[in-house]
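Accompanying notes for the structure given below.
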Amino acid sequence: MSTYRAPLEDMQFALNELAGLAEVAKLPGCEEAEPQTVAAILEEAAKFASDVLDPLNRAGDQRGARLLEDGSVRTPQGFRDAYWKFVENGWNGLAKSPEFGGQGLPQVVAAAVEEMWHASNMAFDLCPLLTQGAIEAIELNGSAELKERYLPKMVAGTWTGTMNLTEPAAGSDLAAVRTRAVPQADGTYLVSGQKIFITYGEHDYTENIVHLVLARLPDAPEGVKGISLFVVPKFIPDASGKPGRRNDVHCVSLEHKLGIHASPTCVMSYGDKGGAKGWIVGEPNRGLEYMFVMMNLARYSVGLEGIGISERAYQRAVAYARERVQGRAAGLDKGAKTGPIIEHPDVRRMLMTMRAWIEATRAVAYVTGAAMDSAARHPDAQARKLHQAFVDLMIPIVKGHSTEVAQEVASLGLQVHGGMGFIEETGAAQHYRDARITTIYEGTTGIQANDLAGRKTARDGGATAKAVSREIGAVAKRLAAGADADLRAIGASLAAGVAALDRTIDWIVPAYGSNTRVALAGSVGYLRLWGLVAGGWQMARAAEIATRKLAAGEGDPDFLRAKVTTARFYAEALLPQAGSYAALATGGAEAAVALAADRF
Ligand SMILES: Cc1cc2nc3c(=O)[nH]c(=O)nc-3n(C[C@H](O)[C@H](O)[C@H](O)COP(=O)(O)OP(=O)(O)OC[C@H]3O[C@@H](n4cnc5c(N)ncnc54)[C@H](O)[C@@H]3O)c2cc1C
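Using the numbering used here, the final residue of the sequence shown is 583, and nothing's skipped along the way.
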């Protein structure tokens, strides 16, 4: 039996030492995010995750959400109550604007809290996650009237939000959206069409659901420039702002899925009875553009899902490895008969691999979260611009790499359990199944990799990528030249990783210009290379800080020594994969696209 315990010590280290929480707290509007206040928030969140969300996770997986005959959706027992506790405790509006009732905490703090929700109950947290996306879309581009009508309720969590992008013929390519919106004399629109895979499109938590819907106006140009964004509430608010008339939008079925069973994934039908009433967000034909701004945060959140689910799988694996007695561990006391499997070197390797991936991806995500805060709130415009360029580069890496890592970590977690991992009772299989969606929704890894190679690297001639790589290279050089043996080894390995990254950037930039198909054939390798090296960067910084603190007699020495050991493992066992990822990014690219489609 394993209960989720938020890894507060590591989270605090990543926030304070790596992401620079104290600096974030100096940004205008972030003054309340002092380390002590943040520590208290994290402790409260950790309790909520362990006491309320984690105990529901397995039952939610077994029971799943159900569509009833009247078209309503029932979430598994306990989820509705948990949602209301979540809302009443103010967790929904943690990083949202105080103007609409939020607490205005920095994104980097919200990230650590969010990781706990994902870890303890990913299916539950999808509802607040999608609401957050819908809030962002209205806040960034909606009229004052839309903001006033919807945001206070959505920030409080008394109404939830959804994102209605996907259609049967429009998945990765949203330019293919066919849902129609016809303007009415009163300035509203009648929306009709079908949306699929809509997370929490229908549920029993709240009295109203606010759908954000991509649709085309009758005279819209073809392609990406012809899509608009609409607010379509389930119940149309009346003059007093309360849910009024039922709108013409319904859930017509629920998908049967591999994982996240408690999260209802809905097929939504708009306009069966003439059209669902909708209100346009921003200007006509700019919906996709708005959506891409909003998607940054959603993609970042899905990256955090990867980290959360990895942490949960790791904790379960450690608990099992301590309990399960099997065989005598090689090289230990010869007199001992049998012992727990955690003593076997190969089991140690699996646990260490999981731990190293998690610490590295967490650190990269929190550092990116802090940069998001600086990009939004730094008083200096040039500093905001630089932070934004870093964030833009890192978002596909946090999303793509952390979720791909989650596949490996959840799989190792299952492997640690042996045969029992394959049996549902242990819970390891649920994490493996739940993790699987994270590389798919909010843009598949392939889509993230195209974004990274094209828009984020080639478009500025590799300038941002090279600037970040230089920063990593400087850390590597400093550590490699130092006196400490651990840090020297870490620095040398990181330097090799940076060299592989630089080679690959130098290859991608011209290749993208001359033969885009060839350049993109290995873009996932390029994304993984970035994730690996960025992780090595943060692990190297962590080891350096831990070493300094140990020498100064500061902090918890066991934690700090483990930090250095984990960083060294990362540097020596994982970072050398940089060469393979560079080969995957650049080698075989022509061959990958050479065969005619009918050869497969
Ligand atoms: C459980 C679940 C929840 C979801 N929740 C929501 C939601 O709330 N709202 C919503 O709107 N959608 C949601 N989705 C939809 C999800 O975002 C899409 O499934 C995803 O974007 C992929 O689109 P697709 O399924 O059409 O796959 P496709 O686009 O058909 O992709 C199939 C394969 O082709 C590859 N591919 C496609 N185009 C390219 C390209 N240009 N370059 C390289 N490779 C490419 C993909 O990487 C993938 O491997 C959800 C899906 C699931 C399964």
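The beta carbon of each residue, even a glycine, is placed where N, CA and C say it ideally should be.
Coarse secondary structure for residue i, derived from DSSP in three states
| i | result |
| --- | --- |
| Val160 | coil |
| Glu185 | coil |
| His101 | helix |
| Arg416 | helix |
| Ser236 | strand |
| Gly254 | coil |
| Lys320 | coil |
| Gly144 | strand |
| Thr549 | helix |
| Gln560 | helix |
| Lys30 | helix |
| Phe62 | helix |
| Ile219 | strand |
| Val507 | helix |
| Glu150 | strand |
| Leu50 | strand |
| Pro226 | strand |
| Pro204 | coil |
| His244 | coil |
| Lys130 | helix |
When the options are compared against residue i, the one with the closest alpha-carbon
| i | options | result |
| --- | --- | --- |
| Gly508 | Ala441, Thr447 and Ala432 | Ala432 |
| Gly519 | Phe542, Asp329, Ala529 and Val481 | Val481 |
| Met277 | Arg307, Asn124 and Arg360 | Asn124 |
| Pro38 | Tyr(-13), Ala29, Glu27 and Gln19 | Tyr(-13) |
| Arg438 | Glu454, Asp375 and Ala393 | Asp375 |
| Gln90 | Ala457, Arg544 and Ala16 | Ala16 |
| Leu51 | Val235, Glu82 and Val96 | Val235 |
| Asn40 | Ala102, Ala93 and Leu578 | Ala102 |
| Val96 | Leu129, Asp221, Ala(-3) and Leu515 | Ala(-3) |
| Asp363 | Pro(-10), Cys110, Gly257 and Pro11 | Pro11 |
| Ala153 | Lys460, Val207, Met137 and Ala296 | Val207 |
| Arg46 | Pro81, Gln413 and Gly318 | Gln413 |
| Leu237 | Pro247, Ser126 and Ala580 | Pro247 |
| Pro216 | Glu27, Val174, Leu241 and Lys546 | Val174 |
CB-CB length for residue i against residue j, believed under 8 angstroms
| i | j | result |
| --- | --- | --- |
| Asp187 | Val56 | 6 angstroms |
| Ala565 | Arg486 | 6 angstroms |
| Ala348 | Gly410 | About 24 angstroms; that fails the 8 angstroms criterion. |
| Thr530 | Asp467 | 6 angstroms |
| Arg18 | Ala5 | At residue 18 the sequence reads Pro, which differs from the Arg that was named. Their Cβ separation, rounded to whole angstroms, is 6 angstroms, which keeps Pro18 and Ala5 in contact under 8 angstroms. |
| Phe584 | Pro151 | What is shown of the chain runs -16 to 583, which leaves residue 584 out entirely. |
| Thr162 | Lys178 | 7 angstroms |
Residue i to residue j span [Cα, whole Å]
| i | j | result |
| --- | --- | --- |
| Asp255 | Leu195 | 18 angstroms |
| Met146 | Glu326 | 47 angstroms |
| Ile243 | Asp44 | 7 angstroms |
| Gly176 | Ser252 | 6 angstroms |
| Gly261 | Asp434 | 31 angstroms |
| Lys393 | Tyr172 | Rather than Lys, the amino acid found at residue 393 in this sequence is Ala. Answer to the nearest angstrom: the Cα atoms are 45 angstroms apart. |
| Met377 | Thr321 | 46 angstroms |
| Arg269 | Gly209 | 7 angstroms |
| Ile488 | Leu515 | 15 angstroms |
| Ala479 | Ala304 | 34 angstroms |
| Phe107 | Leu462 | 42 angstroms |
| Gly73 | Ala457 | 42 angstroms |
| Ile423 | Val388 | 13 angstroms |
| Gly140 | Glu131 | 15 angstroms |
| Ala48 | Glu294 | 25 angstroms |
| Pro599 | Phe552 | Only positions -16 to 583 of the chain appear in the structure, and residue 599 is not among them; the question remains open. |
| Ala339 | Ala556 | 10 angstroms |
| Met(-6) | Gly289 | 15 angstroms |
| Glu205 | Pro59 | 42 angstroms |
| Ala450 | Ala354 | 15 angstroms |
| Trp142 | Lys240 | 26 angstroms |
| Leu212 | Ile406 | 44 angstroms |
Residue i - partner residues in DSSP beta bridges
| i | result |
| --- | --- |
| Gly404 | Gly404 pairs with nothing; no bridge assigned. |
| Gly261 | Tyr172 |
| Met333 | Beta-bridge pairing links Met333 to no other residue. |
| Asn75 | BP columns for Asn75 are empty, so no partner. |
| Ala198 | Ser211 |
| Thr609 | Any question about residue 609 goes unanswered here, given that the chain covers just -16 to 583. |
| Ile192 | Thr143 |
| Gln177 | Ser252 |
| Val308 | Pro323 |
| Arg57 | Arg49 |
| Val165 | Leu173 |
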